[in-house]
Amino acid sequence: MTTTRHPAASVTSHPAASVASYPADRVGGTRAMLGALAVAGPLWAAVSLTQAATRDGFDLTRHPLSLLSTGALGWLQITNFVLAGILLLIGATGLRRTITSRWAPRLVRISGAGMLAAGVLVMDPADGYPIGTPAGMPATMSWHSIGHMAAGSVTFIALIAACYVLARHFRAAGAGGTAVAGAIAGTALLAGDTWAMTGSPAGSATLAVGAITAMCFLTAAALHTRR
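Our numbering numbers the first residue of the sequence shown as 1300 and each following residue consecutively.
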């Protein structure tokens, strides 16, 4: 006896299947992961800027946000970095389940790991902060300060690349506005980081603006994907 195969049975599913095709519990888990990615940037920015505005002796035009991890209240910024890193790692899995791009989730995951490492590896006090620290940069850096710089570089490079890769993904998907936002966010972080690395005036502020812009673009990307 021969059997007739229904035409639909020959259709192969897309490697990045829509969330709607998952079981209900998996859909809920994926939406929660994308929610974690959406929260990461605004939470990190709000906690960082609140501390920058209220810490005695901290000047955003001179001091990077990472320097908030030093001093008596440094644990707040350490926790902020670690939590943001964990949220990015979780969110990367949500992206992997829902978009066709292979590299965007990987880059978000790398930036999350870098953020987490940057939180654990604390900068040395520098340039008058915390209050009582000599002006200027320290003559030598501790191993954890060197590790922080390396982790920060990895985070920024991966985050810049993630913005551009996501911009390309959304452009191909017909989401022009989100694609433009991604390109702007990646460029903002690239320009802010470059300006800061040259030692130009207010470099810490431009870097902060770029990092916050890129992190918050991930919020827009997550919300767009979550819909």
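Yeah, the Cβ is synthetic: ideal placement off N, Cα and C, and Gly gets one too.
message: Output needed for A1335: all residues of its chain with C-beta closer than 6 Å, excluding positions within five of it in sequence on either side, in chain order.
response: L1386, I1389 and G1390
Presumed contact (8 Å Cβ cut-off) between A1417 and T1454, rounded CB distance: 6 Å
- prompt: What number of angstroms, rounded off, separates the C-alpha of M1514 from the C-alpha of P1500?
  reply: 23 Å
- prompt: Does the count of Cβ pairs from the region 1437 to 1455 and the region 1413 to 1427 closer than 8 Å reach three?
  reply: yes
Start and end residues, alpha helix (DSSP H) containing Y1463: Counted as a single uninterrupted DSSP element, the alpha helix (DSSP H) harbouring Y1463 occupies residues W1442 to A1471.
- prompt: Under the rule that 16 or more other beta-carbon atoms within 10 Å means buried, what is W1374, buried or exposed?
  reply: exposed
query: CA-CA distance, A1434 and T1329?
result: 48 Å
Contact set for I1459: own chain, Cβ-Cβ below 6 Å, skip 5 residues either direction: The answer, listed in chain order, is G1485, L1488 and L1489.
- prompt: Can the beta-carbon of A1425 be found less than 8 Å from the beta-carbon of L1366?
  reply: yes
query: Just the Cα atoms here: how many angstroms apart are L1382 and R1408?
result: Rounded to whole angstroms, the separation of the alpha carbons of R1408 and L1382 is 14 Å.
message: Taking 7 Å as the limit between beta carbons, can you name the residues of its chain near M1414, skipping five residues before and five after?
response: F1380, A1383, G1384, L1387 and T1454.
message: Would the region 1345 to 1362 count as touching the region 1503 to 1514 if we require 3 or more Cβ pairs under 8 Å?
response: yes
field: Which listed residue (I1456, R1467, G1411 and G1475) has its alpha carbon closest to that of W1343
entry: G1411
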